[in-house]
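Student: Can you read through this structure? Questions will come right after.
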Amino acid sequence: MGADEAAKPGMRDNAPLLALEGIVKRFPMTVANDGVSLTIRAGEIHALLGENGAGKSTLVKIIYGVMHPDEGAIRWNGRPVEIASPAAARDLGIGMVFQHFSLFEALTVAENIALAINDPKRRRGLKSRIAEISDAYGLKLDPDRTVHHLSVGERQRVEIVRCLLQEPKLLIMDEPTSVLTPQEVEKLFETLRRLASEGCAILYISHKLEEIRALCDRATIMRLGKVVAECDPSRETAKHLAELMIGASLRPTYHLHEDGDGGAPARLVVSDLSLKSGREHGVDLKSISLSVAAGEILGIAGIAGNGQSELMAALSGEALADRAEAVTIEGVAAGRLRPADRRALSACFVPEDRYGHGAVPGMSLSENALLSAYQSKGLAPYGMVDAPKTRSFARAIIESFSVKSDGPAAEAQSLSGGNLQRFIVGREILQGPKVLVVAQPTWGLDAGAAAAIRQALLDLADKGAAVVVISQDLDELIEISDHIAVIAGGRLSPIRPVGEVTMAELGLLMGGAEPQEARRAVPA
Amino acid sequence: MPFRLEPRGQHSRLWAWASPLVAIVATLIVSTVIFAALGKPAGAALYTFVISPVSSLNGWAELSVKAAPLVLIGVGLAIGFRASVWNIGAEGQFILGAIFGGGVALAAGDSEGFWILPAMIVAGALGGMVWAAIPAFLKTRFNANEILTSLMLTYVAQLLLIYLVVGPWKDPEGYGFPQTRLFGDGATMPILVSGTRIHLGVLAAVIAVGLGWLLYAKTLLGFQLRVLGQAPRAAAYAGFSGPGLTWFALLLSGGMAGLAGVFEVGGPIGQLTPSISPGYGFTAIIVAFLGRLHPVGVLLGGLVLALSYLGGEKAQIDLGLPNAVTGIYQGILLFFLLAADLLIGYRIRFTGRRAAASGARA
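Protein sequences, first through last, are from chains S and H.
The numbers in my numbering rise by one with no breaks, and the one at position 326 of the first sequence is 326.
For my numbering, count along the second sequence from 1 and bump the result up by 1000.
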């Protein structure tokens, strides 16, 4: 990976690879970066920590040339530089893996990667180099597949491979592990450590504090646009890091419910559900059975693109099963019922994609409150929208779930991902569901928002609801679930109590191992 | 490049309504240049085109007569477009409304029954709906693009009309002209303001604006249509029926176009001829977008585009310009409107200054 070239410049005069001095970036409403200074040395893995809205993304966009600072200086190997564009950043040797993918859906993996390479000569033999890199780092990819058909996890792999192909001197990783299995995370860490040992610096943005403690040499913590602390994360506790980040002490999540499966009624039952995926290259569901009782949280783990979205659609009614008995909600055979009729049985749903699926980006929060709650909350009697009642419901969601917004009239797209997710989860929970199915509830959220949403799910279960959480975040599932299963290739592994499974076993199941195999391979 | 476009992040409400005004002003400037290039005194030509048609009370009455079909069709289209149902075939649905309604009028002959007008109106709406039902069926059943199917059906409708007026429905006493008999008095839309041509259709257009606004802004159905248009996956998640809403949007816009058709032939025209519409169905598309796909905006947009018809006629008579002036004017307006609409989502950022500042710093 061009180790020699990468290491040399940093050592020449012992100047840091990248130094930011007093960076200020103002937006019409806020100051996103307020005098931020940061130095990164060659070969260092440097964590950038902060809540949503702390200014991390802005800072990273400035480093990558997407935005330009209003004040302050950037030095690269000691020389002042102006990073005018992402292409200029790439020429310096800065690569970035974005949290929100910047891929063209209609193009293939190889074409997307070719787009980021400025020199046409270097595009030759690209496919074989993609195969090499993805092999070397365990990032499975087919260069000829269209991005449109890839899952979230696979899309992220494209981004990572695309960066590694450029042999960067500084690699910026924005929340890279949220879609990987523990084994894959471990592999990625090996990759990153190897890159670092070869002299490449890594700026690592994550909310997963344990990861940062395991991986990073240094950490810069931001809050409200300013740097509040710099430390060696391996010497701090995760709790202390989190407190530095949110500026308050964290309340641990707690669950009142104690293994009370003795006779609690099953609220949601899926029996032998098989369903062809409606999408091209989708994953067909194969004979899925599960049962969730009142007060229980069932976690469904799995890597993106293994049937999660199909399962979600089959539960919510966006896809109909062949038999009505395949899905039973509150004792009613609901497999052939449409979403509105399933909601009438007191079931609520939070889909994975917030922008355009769980919420309409261009509509106000009031209108988004109406979207799924008009029946249960009686917001549209006789087909006429009751605007005051809808507004006050939206206000209730905003207040009870601490949604940072300009009130019910604010457009959904003006909210940060975390705040919109609070709003959507709040909208579903305030309908008082007896069954709640949630997909990726905390994906891309900061620690504070994620903890609040997990606590809300736990509280709902304590009130007697049956909750299904489909997530790629194993730590999260283990923290809040009573039972857990893994979906892989459209099949669901047997449901087990959380206390009886190990991380390693779950990881193997997520990788597609047979259940018996996974149990045998890992001594419990 | 001295400037670049920067996404606003949030749609600008100000620009959503300022953009049509910018487009109208730009259109006036460019049409003045065109008049000058054609050798007409620019100021006088502009006066003839824009001011003189509405310089009298009767001018305003004529304006409302011309605006009525545009507004009727435009309200239906706007609601459909909000749902991302792209009915481009309102012209054909207008013709079918005229044929159905005209058929009732011809069948009634000279009888004076009170039932004739209501029957014509119902038949007209039905005609438009029948024609719009074809793309609705093709879209929901075979996923055929409604832009193509509805547009192509327009030409079928035009040929059907010509067939009827030169064939079975031709006026036997019409000296061979391709037209039907004049409708009887009982089949003629009543004049609402004596001394003008303001007829029942004008009132219908105003009522349509009110009902359209109610549907758009106040009902769950209107909300469902908007969600379908903006985020189809969110509509599926909420349990709104995509095919059902598509049917509704097409039947509504088709029915309104059919109504406009029957009001035209039962009102100002009084018979069926091959040229019952100067492109109302297509112009109404511009009306819908100029009116920001909002019923009240459609009312204003309808008046602006109606003026282009009157102005075109005036320019023809007073300046000897070809009737194509109307089409050119409408085309330029749509062009500038689409261009100015970019500013709703983007702002212009002049970058010359930034480059200078950074140069000074380095």
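Each residue gets a CB set at the ideal place from its N, CA and C atoms; glycine is no exception.
These figures come from a predicted structure and were not determined experimentally.
Contact criterion: CB-CB distance below 8 angstroms. Does Ser1358 (chain H) meet it with respect to chain S?
Tutor: Within the second sequence, the letter at position 358 stands for residue 1358 (chain H). Residue placement at Ser1358 (chain H) is flagged as unreliable, the pLDDT there being 41, under the threshold of 50; a coordinate-derived value is accordingly withheld.
Student: How about Gly1097 (chain H) and Gly1076 (chain H): do their beta carbons lie closer than 8 angstroms?
Tutor: On the second sequence, residue 1097 (chain H) is found 97 positions in, with the first residue counted as 1. On the second sequence, residue 1076 (chain H) is found 76 positions in, with the first residue counted as 1. The answer is no: Cβ separation not under 8 angstroms.
Student: Can you find a CB in chain H that lies within less than 8 angstroms of the CB of Pro351 (chain S)?
Tutor: Along the first sequence, read from residue 1 onward, the residue named residue 351 (chain S) stands at position 351. Yes - at least one Cβ of chain H is within 8 angstroms of the one on Pro351 (chain S).
Student: Excluding sequence positions up to five away, which residues of its chain have a Cβ less than 7 angstroms from the Cβ of Ala488 (chain S)?
Tutor: The residue given as residue 488 (chain S) occupies position 488 in the first sequence. If we look at Ala488 (chain S) and ignore the five residues flanking it on each side, its Cβ neighbours are Gly302, Asn306, Leu509, Met510, Gly512.
Student: Tell me the rounded alpha-carbon separation between His257 (chain S) and Ala466 (chain S).
Tutor: Taking the first sequence and counting its residues from 1, one reaches residue 257 (chain S) at position 257. Taking the first sequence and counting its residues from 1, one reaches residue 466 (chain S) at position 466. For His257 (chain S), the predicted model reports a pLDDT of 48, less than 50, meaning its position is unreliable; a value from the coordinates is still stated below. Spanning the two alpha carbons is a distance of roughly 12 angstroms.
Student: So is Ser1019 (chain H) in contact with chain S if we call contact Cβ pairs under 8 angstroms?
Tutor: Locating residue 1019 (chain H) in the second sequence gives position 19, counting from the first residue. No, Ser1019 (chain H) lies away from the interface with chain S (no Cβ there is under 8 angstroms from its Cβ).
Student: So which of S:Leu38, S:Val158, S:Arg491 has the shortest CA-CA distance to Ile23 (chain S)?
Tutor: For the purposes of this step, residue 23 (chain S) is taken as residue 23 along the first sequence, with counting starting at 1. Cα-wise, what sits closest to Ile23 (chain S) is S:Leu38.
Student: Return the chain-ordered ranges of every alpha helix (DSSP H) run that is complete within the region 400-468 of chain S and spans a minimum of 4 residues.
Tutor: 417-429, 447-462
Student: So, for Leu241 (chain S): in the same chain, excluding its five sequence neighbours on each side, which residues have a beta-carbon less than 6 angstroms away from its beta-carbon?
Tutor: Walking along the first sequence from the start, residue 241 (chain S) turns up at place 241. Taken in chain order, the residues that qualify are Leu209.
Student: Consider the Cβ of Val1227 (chain H): report whether some Cβ of chain S lies at a distance smaller than 8 angstroms.
Tutor: Position 227 of the second sequence, counted from the first residue, corresponds to residue 1227 (chain H). Chain S contact via Cβ: present.
Student: Consult DSSP for Val1085 (chain H) and reduce its assignment to one of helix, strand or coil.
Tutor: Within the second sequence, the letter at position 85 stands for residue 1085 (chain H). Three-state DSSP puts Val1085 (chain H) in coil, outside helix and strand.
Student: Check each candidate in S:Ile470, S:Ile329, S:Ala450, S:Leu224 and name the one with the smallest Cα separation from Ile297 (chain S).
Tutor: Residue 297 (chain S) sits at position 297 when you count from the first residue of the first sequence. Of S:Ile470, S:Ile329, S:Ala450, S:Leu224, the residue nearest in Cα terms is S:Ile470.
Student: Would Lys1040 (chain H) pass as an interface residue toward chain S - the criterion being a Cβ-Cβ separation below 8 angstroms?
Tutor: Taking the first residue of the second sequence as position 1, residue 1040 (chain H) is located at position 40. No, no contact with chain S.
Student: Should Arg1347 (chain H) and Arg1013 (chain H) be called a contact, given that it needs their Cβ atoms to be closer than 8 angstroms?
Tutor: For the purposes of this step, residue 1347 (chain H) is taken as the residue at position 347 of the second sequence. For the purposes of this step, residue 1013 (chain H) is taken as the residue at position 13 of the second sequence. Taking 8 angstroms as the Cβ cut-off, Arg1347 (chain H) and Arg1013 (chain H) do not qualify as a contacting pair.
Student: Does DSSP classify Val97 (chain S) as helix, strand or coil?
Tutor: Position 97 of the first sequence, counted from the first residue, corresponds to residue 97 (chain S). In the structure shown, Val97 (chain S) sits in a strand (DSSP, three-state: E or B).
Student: Going along chain H in order, which residues have a C-beta closer than 9 angstroms to the C-beta of His357 (chain S)?
Tutor: Your numbering for residue 357 (chain S) matches position 357 in the first sequence. Near His357 (chain S) (Cβ distances below 9 angstroms), the residues of chain H are Ala1231, Arg1233, Ala1234, Ala1236, Tyr1237.
Student: Are Gly1281 (chain H) and Glu1091 (chain H) touching if we call contact CB-CB under 8 angstroms?
Tutor: Within the second sequence, the letter at position 281 stands for residue 1281 (chain H). Within the second sequence, the letter at position 91 stands for residue 1091 (chain H). The answer is yes: Cβ separation under 8 angstroms.
Student: Spatial neighbours of Gly1270 (chain H) within its chain, please: CB distance less than 7 angstroms, with the 5 preceding and 5 following residues excluded, ordered by chain position.
Tutor: By 1-based counting over the second sequence, the position of residue 1270 (chain H) is 270. Counting only Cβ-Cβ distances below 7 angstroms, and skipping sequence neighbours, we find Leu1182, Phe1183, Thr1188.
Student: From which residue to which residue does the alpha helix (DSSP H) around Arg223 (chain S) run?
Tutor: Here residue 223 (chain S) refers to the residue found at position 223 when the first sequence is read from its first residue. Here Arg223 (chain S) belongs to no alpha helix (DSSP H); instead the beta strand (DSSP E) covers 218-223.
Student: Can you tell me the Cβ-Cβ gap for Ile133 (chain S) and Val161 (chain S), rounded? I've got them flagged as a contact below 8 angstroms.
Tutor: Taking the first sequence and counting its residues from 1, one reaches residue 133 (chain S) at position 133. Taking the first sequence and counting its residues from 1, one reaches residue 161 (chain S) at position 161. 5 angstroms between Cβ atoms; contact.
Student: Looking at the secondary structure, which residues open and close the alpha helix (DSSP H) in which Leu188 (chain S) lies?
Tutor: The count along the first sequence starts at 1 and reaches residue 188 (chain S) at position 188. Residues 182-197.
Student: By DSSP, does Asn1145 (chain H) sit in helix, in strand, or in coil?
Tutor: Taking the first residue of the second sequence as position 1, residue 1145 (chain H) is located at position 145. It is coil, neither helix nor strand.
Student: Please classify Phe1114 (chain H): does DSSP put it in a helix, a strand, or coil?
Tutor: On the second sequence, residue 1114 (chain H) is found 114 positions in, with the first residue counted as 1. Here Phe1114 (chain H) sits in coil by DSSP.
Student: With a CB to CB cut of under 6 angstroms and the five nearest residues on each side skipped, what residues in its chain are close to Met503 (chain S)?
Tutor: Sequence index remark: in the first sequence, residue 503 (chain S) carries index 503 (1-based). Hits under 6 angstroms: Pro182.
Student: Can you give me the start and stop residues for the beta strand (DSSP E) that Glu230 (chain S) sits inside?
Tutor: Taking the first residue of the first sequence as 1, we reach residue 230 (chain S) at position 230. Its beta strand (DSSP E) spans residues 226-231.
Student: Which of the residues in the region 360-375 of chain S, read from start to end, lie with their CB under 8 angstroms from any CB of chain H?
Tutor: Val360, Pro361, Gly362, Met363, Glu367, Leu370, Leu371, Ser372, Tyr374
Student: Between the alpha carbons of Leu1225 (chain H) and Val1065 (chain H), how many angstroms are there, rounded?
Tutor: The residue labelled residue 1225 (chain H) in the question sits at position 225 within the second sequence. The residue labelled residue 1065 (chain H) in the question sits at position 65 within the second sequence. So the alpha carbons of these two residues sit roughly 30 angstroms apart.
Student: If you measure from the beta carbon of His1294 (chain H) to each beta carbon in chain S, is any gap under 8 angstroms?
Tutor: For the purposes of this step, residue 1294 (chain H) is taken as the residue at position 294 of the second sequence. No, its Cβ sits nowhere closer than 8 angstroms to a Cβ of chain S.
Student: Helix, strand or coil for Gly35 (chain S)? Go by DSSP, reduced to three states.
Tutor: The residue given as residue 35 (chain S) occupies position 35 in the first sequence. Three-state DSSP puts Gly35 (chain S) in a strand.
Student: Exposed or buried, which one is Arg1004 (chain H) when buried takes at least 16 other CB atoms within 10 Å?
Tutor: Here residue 1004 (chain H) is taken as the residue at index 4 of the second sequence, counted from 1. Its Cβ having fewer than 16 others within 10 Å, Arg1004 (chain H) is exposed.
Student: Under 8 angstroms, Cβ to Cβ, is there at least one residue of chain H near Val469 (chain S)?
Tutor: What you label residue 469 (chain S) is simply residue 469 of the first sequence in a count that begins at 1. By this cut-off, Val469 (chain S) is not an interface position.
Student: Quick check on DSSP: helix, strand or coil for Glu159 (chain S)?
Tutor: Looking up residue 159 (chain S) in the first sequence gives position 159. It is helical.
Student: With DSSP run on the structure shown, which of helix, strand or coil describes Gly72 (chain S)?
Tutor: Numbered from 1 along the first sequence, position 72 holds the residue referred to as residue 72 (chain S). Strand at Gly72 (chain S).
Student: Leaving aside the five residues before and after Ala1105 (chain H) along the sequence, list all residues of the same chain whose C-beta is less than 6 angstroms from its C-beta, in chain order.
Tutor: Working through the second sequence from its first residue, we reach residue 1105 (chain H) at position 105. Excluding positions up to five away in sequence, the list reads Met1120, Phe1183, Ala1187.
Student: Given Ala1257 (chain H), which residues of its chain have a CB within under 7 angstroms of its CB, disregarding the five upstream and five downstream residues?
Tutor: Reading the second sequence from its first residue, position 257 is the one you call residue 1257 (chain H). Taken in chain order, the residues that qualify are Ile1073, Gly1076, Ala1090, Gln1093, Phe1094, Gly1097, Gly1128, Gly1281.
Student: At the 8 angstroms Cβ level, is Phe1223 (chain H) part of the contact set with chain S, yes or no?
Tutor: On the second sequence, position 223 is the one that residue 1223 (chain H) refers to. Chain S contact via Cβ: present.
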